[in-house]
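Everything on this sheet refers to the single structure shown next.
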Amino acid sequence: MKKVQKQDTVIISKEEYSFLKKKAQIADKFLEQAETNEIELVNRKLDFLDRQARLGKRKTLNSEQALGKYAKYLK
13 MKKVQKQDTV IISKEEYSFL KKKAQIADKF LEQAETNEIE LVNRKLDFLD
63 RQARLGKRKT LNSEQALGKY AKYLK
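Take any residue in the sequence shown, note its place counting from 1, add 12, and you have its number in the working numbering.
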């Protein structure tokens, strides 16, 4: 596959354009879904830890300790 630089103009057929556009839409949906799944996992983990703390089975942690790498999703 030829590398295209910024100043190059590439001419593609309508079929190729449609195909690439559909691929981009699928990729966007996948990325959006993956992010939603991670946020859902964070919420489930927080709920689980909260239930455990209320039952006295786990010490209370702050949100960053509880979430670890998922702390970036906190608002």
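Built from N, CA and C at the ideal position, the CB exists for glycine as well. Bear in mind the structure is a predicted one, so any value in this text is a computation, not a measurement.
Is residue j closer than 8 Å to residue i when the C-beta atoms are compared?
i: residue 58; j: residue 39; result: no
i: residue 85; j: residue 51; result: yes
Residue range of the alpha helix (DSSP H) that residue i falls in?
i: residue 39; result: 26-66
Who are the near neighbours of residue i in its chain, counting only those whose CB is closer than 7 Å to its CB and skipping five residues on each side?
i: residue 70; result: 61, 64
Contact criterion: CB-CB distance below 8 Å. Does residue i meet it with respect to chain D?
i: residue 58; result: This model lacks chain D altogether, as it is built from one protein chain only.
Taking 8 Å as the limit between beta carbons, can you name the residues of its chain near residue i, skipping five residues before and five after?
i: residue 24; result: 32
i: residue 68; result: none
i: residue 74; result: none
Could you pull out every residue in the same chain whose Cβ sits closer than 6 Å to the Cβ of residue i, ignoring the five residues on either side in sequence?
i: residue 53; result: none
i: residue 48; result: none
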